[in-house]
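Below is one structure, written out as structure tokens; the observations come after it.
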Amino acid sequence: MQIRKVIVVGGGTAGWLSACHLAKKLQSHDAQGVEVCLIESAEIPTIGVGEGTVPAIRRSLEYLGISETEFVRECDVTFKQSIKFVDWVKNPVGANAGDYYHHVFDYPAITPFNLTPYWLLDYQEKMPFVDAVSIQGKLCDLGLAPKNMTHPEYQGAANYAYHLDAAKFAQLLTRHATAKLGVKHVLANVLEVKTDEQGNIASLVTDQGNYSADIYVDCTGFTSLLIGQTLGVTFMDKTHQLFADTALAVQVPYENAEAPIPCYTVATAKEAGWIWDIGLFARRGIGYVYSSAHTSHDRAEQVLRDYLGHSADGLSVRRIPMQVGYREKFWHKNCVAIGLSQGFVEPLEATGLLVYDATARMLAEQFPATKDAIEITAKKFNQRVQYAWDRVVDFVKLHYLLSRRDDNDFWLDNRKRESVPDSLLERLDFWQHAVPTDYDFSSRMEIFNLENYLYVLYGMQFPTEIESVRYRYPDLQEASQLLDLQRVKFARVASELIPHRELIKRIQRYGLQTI
């Protein structure tokens with residue numbers, strides 16, 4: 393039997409991204425398409441904290457047909473070129489206080505010539521890894537935007553993502569989905585979820601009537617109304633590996649409306665977690681992600697207020713408990729989970745929105761044509777999404793594992809091998825004696841790939857010992873020439889770019905070139 397209708401339950405970023413991807417791929421102006429409907433409650437606010445993204449969202453916005461100019465203007469957007477990790481490597485004492493490294497978005501210069509082993513052998517005492525293989529760390533430190541007004545929408549001199557107001561982004565997606573992509577929008581409260589004899593969802597009883605579809609997408613957040621509460625799919629807790637289970641969030645106005653806006657997320661390690669600091673155009677979004685097993689909520693709030701200083705005076709802080717882990721299955725019967733109902737680990741590296749966007753697009757691309765195809769499609773979907781979440785856990789854990797901080801049990805406990813996934817331990821054991829290569833990242837569902845690992849590994853001073861095989865790397869002159877070319881490229885690109893805040897102001901006033 394042909395699949396004719398899909399209902400997305402729940403709005404917010406995950407719900408509306410899912411609706412947009414499904415409608416873009418599946419809807420048609422004739423009778424052959426699949427109807428996409430989104431049902432959300434007007435009474436349930438979104439969490440609205442996920443304000444950082446990765447470059448994949450840029451490709452999705454362009455694919456969905458959303459104007460970058462409109463996006464920047466309506467969602468309080470700024471550009472993001474990096475995550476600046478402060479005080480992650482060593483205790484922030486004396487000369488070590490304020491030490492940082494950049495995980496930038498430009499892929500390092502590793503093809504066709506890989507500079508990484510040459511940096512390990514001869515340059516790691518002379519320059520940070522990021523500066524050897526990319527110009528973007530220096531662009532960030534200078535406060536320069538990744539593009540200028542001559543670059544068309546979604547193009548730039550350097551790779552980039554965005555910082556955004558999550559609530560405003562959901563509103564933009566809502567307008568685009570309904571006005572441009574034909575998504576039907578229903579404001580209603582779901583009162584009951586009915587199932588049939590086979591355990592499939594049969595219909596939704598709401599205060600605005602009953603609704604039914606062939607497939608349902610659960611975007612109801614941590615509540616997990618469909619796949620968790622109704623279908624009983626188990627939640628796989630991961631707090632034994634990733635300890636941060638609570639966030640404090642606050643919105644801070646700028647004291648100076650012309651103050652520079654960092655074009656990167658600042659992630660500052662603290663005694664029991666880390667603080668994010670995101671500069672939007674009109675305000676900063678700041679929060680402390682921490683382990684409630686390693687500190688009290690009162691102490692955590694004090695740490696956050698100490699970071700903010702007098703700018704926190706009179707501001708209330710919102711506490712957000714986090715469910716750390718993912719569902720045992722992400723597609724069960726005729727229900728697919730996207731968003732927080734699917735899984736969540738913590739905001740580090742903006743993993744949430746990255747996975748939700750990727751899995752929503754995968755659902756749309758591999759959406760079954762008939763009900764007979766649901767079972768095999770669900771099996772493949774579950775395998776791929778679980779692999780993706782496991783690799784996300786690995787990558788987030790990497791940051792804590794490589795830290796040499798010992799000023800709190802939080803950091804010491806993160807280095808205990810029993811808290812580390814075996815898959816990550818195996819990679820690190822191997823990389824102590826061999827430079828990471830593409831051979832170590834064989835799946836398209838890795839989420840974080842070779843380049844991401846290189847920036848974190850060598851930003852955090854991971855020891856790869858290859859002196860004994862120096863003979864394998866004889867091209868010293870070519871390595872030196874490439875480093876010289878990096879310096880020339882940086883000087884040229886930096887001279888063409890303008891300060892970040894100035895670019896945002898110009899986009900708001902004049903708009904970007906469409907093509």
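Once you know that position 23 of the sequence shown is 415 in this note's numbering, the rest is easy, because the numbers rise by one and skip nothing. Where a beta carbon is used, it is the ideal one built from N, C-alpha and C, also for glycine.
Boundaries of the alpha helix (DSSP H) in which residue i is found, first to last residue
i, result
"Y845", "L842 to G851"
"W408", "G404 to L418"
"I896", "H892 to Y902"
"E870", "L868 to E888"
"C336", "With the chain running from 393 to 907 in the structure shown, residue 336 is simply not present."
"W666", "Run containing W666: none in the alpha helix (DSSP H); it sits in the beta strand (DSSP E), G665 to G671."
"T570", "A558 to A571"
"N726", "Taken as a continuous stretch (DSSP letters only), N726 belongs to no alpha helix (DSSP H), as it is neither H nor E."
"A553", "A553 -> not in any alpha helix (DSSP H); beta strand (DSSP E) instead, spanning A553 to H555."
"E818", "D814 to W823"
Host beta strand (DSSP E) of residue i (start-end)
i, result
"E460", "First-last for E460: E460 to E466, but that is the alpha helix (DSSP H), not the beta strand (DSSP E)."
"I766", "Not the beta strand (DSSP E): I766 falls in the alpha helix (DSSP H), residues I766 to L793."
"M393", "From DSSP, M393 is part of no beta strand (DSSP E); its letter is neither H nor E."
"E689", "Per the sequence shown, residue 689 should be read as His rather than Glu. Note, H689: premise wrong, no beta strand (DSSP E); alpha helix (DSSP H) at H689 to L700."
"Y682", "R675 to Y682"
Status (buried if at least 16 other CB within 10 Å, exposed otherwise) for residue i
i, result
"G404", "buried"
"L877", "exposed"
"M519", "exposed"
"L868", "exposed"
"G717", "buried"
"I619", "buried"
"A434", "exposed"
"I899", "buried"
"V785", "buried"
"K808", "exposed"
"A649", "exposed"
"T622", "buried"
"I593", "buried"
"A761", "exposed"
"K482", "buried"
"V575", "buried"
"F822", "exposed"
"L707", "exposed"
"G677", "buried"
"H689", "exposed"
"Y902", "exposed"
Cβ-Cβ distance between residue i and residue j below 8 Å
i, j, result
"K539", "G548", "yes"
"V695", "Y680", "yes"
"L507", "A524", "yes"
"G665", "P654", "no"
"T445", "K472", "yes"
"Y682", "I475", "no"
"H494", "V522", "yes"
"F840", "R783", "yes"
"E838", "V788", "no"
"V428", "R396", "no"
"R719", "G701", "no"
"Y845", "P828", "yes"
"G535", "P447", "no"
"W408", "A559", "no"
"D805", "A661", "no"
"L531", "A550", "yes"
"I527", "K897", "no"
Inter-residue CB distance, residue i and residue j (contact presumed, cutoff 8 Å)
i, j, result
"Y603", "I431", "6 Å"
"Y554", "E454", "That belief does not hold up - the Cβ atoms of Y554 and E454 are roughly 12 Å apart, past 8 Å."
"D498", "D557", "With a Cβ gap of about 26 Å, D498 and D557 do not count as contacting."
"L895", "A537", "4 Å"
"I712", "A641", "6 Å"
"E859", "Q824", "That belief does not hold up - the Cβ atoms of E859 and Q824 are roughly 13 Å apart, past 8 Å."
"Y608", "N726", "6 Å"
"G402", "T612", "4 Å"
"A799", "E663", "The sequence as given places Asp at residue 799; Ala does not occur at that position. Right, the Cβ-Cβ distance comes to about 6 Å (below 8 Å), so this counts as a contact."
"L904", "P544", "7 Å"
"V582", "L617", "7 Å"
"S459", "D749", "S459 to D749, Cβ: 18 Å. No contact."
"F802", "Q715", "About 19 Å; that fails the 8 Å criterion."
"I399", "L596", "7 Å"
The region 749–756 touching the region 409–429, judged by at least three CB pairs closer than 8 Å: yes
Any 3 or more C-beta pairs closer than 8 Å across the region 628–637 and the region 723–730: no
Stretch pair the region 684–694 + the region 505–521: three plus CB contacts closer than 8 Å: no
Contact between the region 841–855 and the region 789–803 (3+ Cβ pairs under 8 Å): yes
Any 3 or more C-beta pairs closer than 8 Å across the region 708–724 and the region 765–783: yes
Any 3 or more C-beta pairs closer than 8 Å across the region 580–588 and the region 744–752: no
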